[in-house]
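Report on the structure given below.
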């Protein structure tokens, strides 16, 4: 079980028979997710891959608790997820930082909601700002940062809350290729220094193969359905041009409708 | 969120019902307050009194000197004349200022002096110069409508996509050709936005001018209502001012939609 | 011959600044004429000169010469008009504006926020508000004078009505421009409704609310002048209407200049305040 790294046998997140549909204005039933079942193990890095419009963002939002599934439920540590909460950290595709707060105010916000005194939350916030490599930028406003830096703040903000699981929704989709590679490597570095269970959503196979312990692919069209689960047993840090890496990438490419 | 469509529909209906009810309740309270003398009828007229006066004034000249239709014609006429002149002068001026340096250099200082003066402040000067009547009112509306037209046209041209300009130059277009074929069309949405603002300010300035000194028009009607101690006339005048202003604004909006179909605002 | 050509593609070809050896006077003249700052200066002086010229030509009954306006202003600064000096009149106007404006802001913003945040409040209050919106505030003056007489109350009342409209409109519109994902982010960080309001809604709405306040202030200023034109015994509007009644055009124009300068000062001050209070404002759209 090499690729599993430090994942334990304990099930952290369990998706049971998740399905989701919307009723459109024309009174039609639009199915977005169907029959989704998945067990995610503690400290595992799992990546969900699918093209656009495959229901993966909806799935992540259901796990986060921002949406309710039409059927089925999500269990976190055995307890049902019923709404959004700080025990799940969410990193957004569009960064979604609070523009009127500085970097450190953004990062410490969850702690502030919890009611921690200022000194304590600043300390914790600083720790995570260092972790993501942004020390020195504590007092900057988001508009003064580049895209990659903003996303680091997003990650630090989610981490600082000490969540049970980190959820990342195509976090590097808005970045240019170079920054994207850099952030992928940074993600692994950050994750390895403070292990958490991670559910990462992307449309990029290469990214998935680089990051994941396990890769979950979804059907290429709606309704979103679990297609196949792949185990990634490559040792970290991984090499994008390694033969085994490329073989796995090719395999996934062949078996799904994705190109990258 | 999963939407149960029936739930959505019924709550939308509830909200609409609430809106209609609140307006009706307001009018009712207003009516009853006068009828039961909670508010003395020397201070305020009830809706029924206003409507009675409205019907009466459709045909009768007394007690202020003209029928309602006459007043409206005067006001709208003055507004239209001033407004159209403001458009004719303001829009080309603004467009030219946005593109040609000479135009901007010469016109801008004068404009910057005029801009901070609120339109109503022109009223005494206009009346002093042109007396009470069509000329002074049209002048006031012209100045009040001029500023937004010029500003919006100016900004509209300045906001022209520089890529388009560069592209036109590679085709060898002259300055004037670029102005005509690229700057003006791309400035149109802003120009129309300016029209709306100009209309609102113009209408306000007109009413103010008629309140100060006039012998006809809706503002005059309001003033007469006060002089004759007839609150129903005051309220009638106010409502007609509001309705007419809203109607003209609505028409301008429709006109805009017709003239620049397909252009994204 | 040295030629340095610099072309700015966004501007007409006339503006390409050309530095040649100076014996080419025609090019030099062109550079001067097409320089906008020189044109500004030329145009300003030209305007004053033409004004003076036309006025001196015998129109001075209608159009005072610039110097006469200046003299009038100086005179009014020193000698009272209808019992008060110029500055006292200005202060009267400003006082009325401040009171009406302050009450409007304090009551308008909560109403606007309530309309934006609560569907029921919106359904009940907004239609009434929309009915009153197209009516210019000055149209209320006759009613106000009938109710409150010619004193301060009627003017403050109208200013209040005029100022409250932009506050309410901008306050409820302000809520639309907040990125809804920010609420998701706050929820995922564990915010309760109160925390959402103070950390997302209020700061997010603030720039637009502040813009509404600025519009409201300029509305207030316009309205006070209009109100003073119709019925007042002091104030800057009174000064210009007196000028009209006494056939003193220098007083009218002088008063208009005072009005313009005051309005400009007020708006410049507010721009300063905005930059201090909302340092992040311009960048919200970029995210």
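Protein chains in written order, with the working numbering: chain F, 42 to 301; chain D, -2 to 262; chain E, 281 to 567. The beta carbon of each residue, even a glycine, is placed where N, CA and C say it ideally should be. Given the structure is predicted, the values throughout are model-derived calculations rather than measurements.
Query - C-alpha gap between residue 414 (chain E) and residue 503 (chain E), whole angstroms - result: 15 Å
Report task. May I have the straight-line CA-CA distance separating residue 76 (chain D) from residue 330 (chain E), to the nearest angstrom? Result -> 30 Å
Query raised in the report: Thinking C-beta only, is residue 404 (chain E) closer than 9 Å to residue 19 (chain D)?
Result: yes
Query raised in the report: Which word fits residue 61 (chain F), buried or exposed, when buried means at least 16 other C-beta atoms lie within 10 angstroms of its C-beta?
Result: buried
**Report entry** Euclidean distance between Cα positions of residue 183 (chain D) and residue 105 (chain D)
**Finding:** 22 Å
Query - Residues in the segment 465 to 494 of chain E having any Cβ partner in chain F nearer than 8 Å - result: 465, 466, 467, 468, 469, 470, 471, 472, 475, 479, 480, 483, 484 and 486
Query raised in the report: Taking Cβ-Cβ distances shorter than 7 Å, what residues in chain E pair up with residue 243 (chain D)?
Result: 414
**Report entry** Through-space distance from residue 24 (chain D) to residue 14 (chain D), alpha-carbon basis
**Finding:** 16 Å
Query raised in the report: With a cut-off of 9 Å, does the C-beta of residue 393 (chain E) fall near any C-beta of chain D?
Result: no
Query raised in the report: What are the residues that DSSP puts in a beta bridge with residue 54 (chain F)?
Result: F:81 and F:117
Query raised in the report: Considering only the beta carbon of each residue, do residue 197 (chain D) and residue 242 (chain D) sit closer than 9 Å?
Result: yes
Query raised in the report: Out of curiosity, what's the CA-to-CA distance linking residue 214 (chain D) and residue 232 (chain D)?
Result: 14 Å
**Report entry** Where residue 126 (chain F) meets chain A, residues with beta-carbon distance less than 7 Å
**Finding:** The chain labelled as chain A is not found among the protein chains of the depicted structure, namely F, D and E.
**Report entry** CB contact below 9 Å: residue 396 (chain E) versus chain D
**Finding:** no
Report task. Give the single residue among D:143, D:129 and D:69 whose Cα lies nearest to the Cα of residue 80 (chain D). Result -> D:143
Query raised in the report: Is it buried or exposed for residue 233 (chain F), if we count other Cβ within 10 angstroms and need 16 for buried?
Result: exposed
Report task. Take the Cβ of residue 202 (chain F) as the centre, count every other Cβ of all protein chains shown within 10 Å, and call the residue buried at 16 or more, exposed below. Result -> buried
Report task. At 3 residues or longer, and completely inside the segment 164 to 217 of chain F: list those beta strand (DSSP E) runs for me, N to C. Result -> 206 to 210
**Report entry** Residue of D:57, D:98 and D:70 minimising C-alpha distance to residue 176 (chain D)
**Finding:** D:98
Query raised in the report: For residue 434 (chain E), which three-state DSSP category applies?
Result: helix
Query raised in the report: How do the segment 486 to 496 of chain E and the segment 156 to 169 of chain F stand: do at least 3 beta-carbon pairs fall below 8 Å, yes or no?
Result: no
Requested in this report: Could you please give the first and the last residue of the uninterrupted alpha helix (DSSP H) stretch that includes residue 292 (chain F)?
Outcome: 284 to 296
Query raised in the report: When burial is assigned at 16 or more other CB atoms within 10 Å of the CB, is residue 45 (chain D) buried or exposed?
Result: exposed
Report task. Express the C-alpha separation of residue 257 (chain D) and residue 242 (chain F) in angstroms, rounding to a whole number. Result -> 43 Å
**Report entry** Residue environment, residue 164 (chain D), which counts as buried when at least 16 other CB atoms sit within 10 Å
**Finding:** exposed
Query raised in the report: Can you list the residues of chain F that residue 461 (chain E) reaches, using a CB-CB cut of under 8 Å?
Result: 133, 135 and 137
Query - For residue 537 (chain E), the nearest candidate out of D:78, D:205, D:89 and D:122 (CA to CA) - result: D:122
Report task. Pick helix, strand or coil for residue 555 (chain E), following the three-state DSSP scheme. Result -> helix
Query raised in the report: Checking contacts by CB at 9 Å: is residue 405 (chain E) closer than that to chain D?
Result: yes
**Report entry** Exposed unless 16 or more other CB atoms sit within 10 angstroms - verdict on residue 302 (chain E)
**Finding:** Residue placement at residue 302 (chain E) is poorly supported in this model, since its pLDDT is 49, which falls under 50; the coordinates are not used for a value here.
Query raised in the report: Do you know offhand how far residue 119 (chain F)'s Cα is from residue 191 (chain F)'s?
Result: 33 Å
Report task. Would you be able to state if there are at least three C-beta pairs under 8 Å between the segment 508 to 524 of chain E and the segment 388 to 408 of chain E? Result -> no
Query raised in the report: Tell me which same chain residues have a C-beta within less than 7 Å of the C-beta of residue 222 (chain D), skipping the five on either side of it?
Result: 228, 230, 231 and 234
Query raised in the report: Considering residue 146 (chain F), what are the terminal residues of the beta strand (DSSP E) in which it resides?
Result: Not the beta strand (DSSP E): residue 146 (chain F) falls in the alpha helix (DSSP H), residues 144 to 155.
Requested in this report: Consult DSSP for residue 264 (chain D) and reduce its assignment to one of helix, strand or coil.
Outcome: Residue 264 (chain D) is absent from the structure shown; chain D starts at -2 and stops at 262.
Query raised in the report: Leaving out five residues before and five after residue 505 (chain E) in sequence, what residues of the same chain have Cβ atoms less than 6 Å from its Cβ?
Result: 517
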